[in-house]
Amino acid sequence: MARLKVDRLAIGLFLAVSATAFETLAVGTMLPTIAEEFDGDRLYGATFVVYMLANLVSLVAAGERADRTGLRRPFLFGAASFAVGLLIAGTANSMWMLLIGRAMQGAGSGIFVSLSFVAVRRAYSDERQAAMYALISTGWVLPSLISPFVAGWITSTVGWRWVFIGMLPLAGIVVLLAVPQLAGVDSQSQLADEPAPSRIPLAIAIAAGIGLMTAASYSSRWWLVTSHALVGVVIVVASLRRLMPPGLLTAHPGRPAAIAARICAMAAFNGADFFIPLAARRIHDASPTVQGATILGAAVGWNLGQWFAVRAGDRIGFHRMVPAGFVVLAAGTASSIAVLSSDTPLWVTFITWSIGGVGMGVLFNPTSQIGMGSASSEAAGLASTQLSVADVFGFSVMAAVGGALVSFADQTSLSLRTALGSAFVLATVVALGGAFAGRRIRPAESV
153 MARLKVDRLA IGLFLAVSAT AFETLAVGTM LPTIAEEFDG DRLYGATFVV
203 YMLANLVSLV AAGERADRTG LRRPFLFGAA SFAVGLLIAG TANSMWMLLI
253 GRAMQGAGSG IFVSLSFVAV RRAYSDERQA AMYALISTGW VLPSLISPFV
303 AGWITSTVGW RWVFIGMLPL AGIVVLLAVP QLAGVDSQSQ LADEPAPSRI
353 PLAIAIAAGI GLMTAASYSS RWWLVTSHAL VGVVIVVASL RRLMPPGLLT
403 AHPGRPAAIA ARICAMAAFN GADFFIPLAA RRIHDASPTV QGATILGAAV
453 GWNLGQWFAV RAGDRIGFHR MVPAGFVVLA AGTASSIAVL SSDTPLWVTF
503 ITWSIGGVGM GVLFNPTSQI GMGSASSEAA GLASTQLSVA DVFGFSVMAA
553 VGGALVSFAD QTSLSLRTAL GSAFVLATVV ALGGAFAGRR IRPAESV
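Throughout, this note's numbering is defined as the position within the sequence shown, counted from one, plus 152.
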C-alpha cells in the first residue's frame, strides 16, 4: 500500500465521514433520554427509520449528481443539510421536530459517504487510493469506539442537545477543507455526457414503501394499519425486484446470497443494538454514560471480528465464515435478552453484546467482497447501490418492527419487557435465517 500523503481534501473527507459516524452512533445512546423528555416512546423506532430512508435517497442521488454536475455542488448541499439537521435536532421541542432534524442529517450523511468514495476515485492515483480508503474506514472505526461513551457523558453532564449543537463547527470545517479542493477535482474530471438511467425513482419508491409500513405500525385503526402496510409491502417488493439481482429471495449463490445475508445481518444486529440502551435506561435506571458503555462492547467486537475476517478469510473460506458469523451474532442477540432482567448486571450485557459485535464483524467484510467482487466493472455501481439498499432495508425494517412493539407497549397494557424481548427474539431468528443465506455464499461468475 502506498503511503498516504495527507492533504486538505483527505482531512476534509475523513472529518466528513467521522462526523457522520459519530452522530449516527451517538443517537442510540441519547434517544432513551430524549424519548423520556418528550414522552416519545411512540416514535422511538421512527427516529432511526427517517434517518436511514433519507440516507438511502441522498446516497443514490448524490452519486448521480456527481456524474452530471461534479462533486462540489452536491457536497455543499450535503454539508448544509447535515448542519441544518443538527441545528433542528439540537433545538427540538418535540419528537416530531427531532424527526425532521434526523431526516436532514440522514440526507447530509448519505451525500458525505457517497461523495467521499467518488472523490477518492477521481482525486487520487491508483497507488494512493488504497491508503485513502483505509483512512475513510478509520473515520468509521474511531467514532464507533468512542461515540456511545462520549455521547452518554455529554448527555449526563450538559445535556443531549449539545451533542448535536457541538458538531456544528465540524460541518463548517469540513466545508472549508474539502470544497475548494473538490472544485479543483471537478475542473479536471470529465463528466458523463449521457448518464445512465436514474435509480433515484427506485430509491424514493423503496423509501416511501418502508415509510408507509412504518406509519402503519403507529396507527390505532386496524384498517389504516392494514392498508398502509399492504401498500407499503407492494411498493417495496416491486421496487426491490427491479433493483436487486434475481434470486434474492432464494439466496441464489453469488451476489443474491450475499445481499440476502447482508439484509439479515443489518436487521438482526440493529434489532438488538437499537433497544439495549432503552432497556438499560428503563429497566436498570442506568445513566446515559452507562447506556453508551453498554453497547460499546459491540463496536469493539465488530472491529475484532473484521480483523479476524481479513486475516483468516482466505484460509477458512467465506462459505464457512459467514454462517459462523451469523451463529455468533445469534448467540449475542439471544444472550443479550438478559438485559431485560433487573437482577442481571449491565456488565453482563456488555459481554454478551460484544459477542454479537464479533459475529457482525466476521460476516460483514465477506458479504461486501462477494457482493462487489462478483460484479463486472460495468456493474460495479449497481452492485454498490444494491448493497447500500440492503443495509438500509434491513436497518429500517427492524427499526420499524421494534419501534412498533415499543409504541404498542406505550399505548397498551403490554409491558416494555415483553416488547423488547420480542424484538430480541425476532433478531435472533433473523440471524439464524441469515446463516442459511450465508451457506450459499461463494464467488460467482461476473454478471
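Yeah, the Cβ is synthetic: ideal placement off N, Cα and C, and Gly gets one too.
Predicted model only: the values in this text are computed from it and were never measured.
The beta carbons of Val541 and Met365 sit no closer together than 9 Å. The shortest CA-to-CA distance from Leu395 to any of Ala575, Arg433, Ala355, Ala178 is the one to Ala355.
Between Phe502 and Ala445, the C-beta gap is smaller than 9 Å, which places the two residues in contact. Residue environment analysis places Pro321 among the exposed positions, since fewer than 16 neighbouring C-beta atoms fall within 10 angstroms of its C-beta. Relative to Pro440, the option among Glu216, Phe301, Ala168, Phe588 whose CA is nearest is Phe301. One thing to note: Leu492 has its Cβ no nearer than 9 Å to the Cβ of Phe426. Here DSSP, grouped into helix, strand and coil, assigns His404 to coil. Proximity to Gln257 across Pro295, Tyr276, Ile317 peaks at Ile317, based on C-alpha coordinates. Taken in chain order, the unbroken stretches of alpha helix (DSSP H) that lie wholly in the region 468-535 and span 4 residues or more are 470-487, 498-525. At a Cβ-Cβ threshold of 9 Å, Ala218 and Phe234 do not count as neighbours. The three-state secondary structure of Trp248, taken from DSSP, is helix.
Using a C-beta cut-off of 8 Å, the region 474-494 makes contact with the region 502-515, since at least three inter-stretch Cβ pairs fall below that distance.
Within its own chain, the residues whose Cβ lies closer than 6 Å to the Cβ of Ala409, once the five positions on either side in sequence are excluded, are Ala403, Ala589, Arg592, Ile593, listed in chain order. The closest CA to that of Met418, considering only Ser567, Asp278, Arg225, Ala551, is found on Ala551. In this chain, the alpha helix (DSSP H) harbouring Tyr203 covers 196-221.
DSSP places Thr366 in the helix class (H, G or I) of the three-state scheme. In this structure, Val388 sits away from Phe547, with a CB-CB distance that is not shorter than 9 Å. The region 282-298 makes no contact with the region 552-572: fewer than 3 CB pairs, one atom from each, lie closer than 8 Å.
Of the other Cβ atoms in all chains shown, 16 or more fall within 10 Å of the Cβ of Glu175; this residue is therefore buried. The three-state secondary structure of Phe426, taken from DSSP, is coil.
One alpha carbon belongs to Val236, the other to Leu267, and they sit about 19 Å apart. Sequence-distant Cβ neighbours of Ile415 in its own chain, meaning closer than 7 Å and more than five residues away, are Ala542, Phe545, Gly546.
When the five nearest sequence neighbours on each side are left out, the beta carbons in the same chain lying within less than 6 Å of the beta carbon of Ala178 are those of Ser299, Ala303, Val315, in order along the chain. Between Ile411 and the set Pro397, Ala556, Val169, the nearest pair of CA atoms involves Pro397.
Residue burial is scored here from C-beta neighbours: Asp193 has at least 16 other C-beta atoms within 10 angstroms and is therefore classed as buried. Ile435 carries a coil assignment under DSSP once its states are collapsed to helix, strand and coil. Between Gln281 and Val272 a beta carbon distance of about 6 Å is seen, short of the 8 Å cut, so the two are scored as contacting. Three or more Cβ pairs drawn from the region 215-230 and the region 319-334 lie within less than 8 Å of each other, which places the two stretches in contact.
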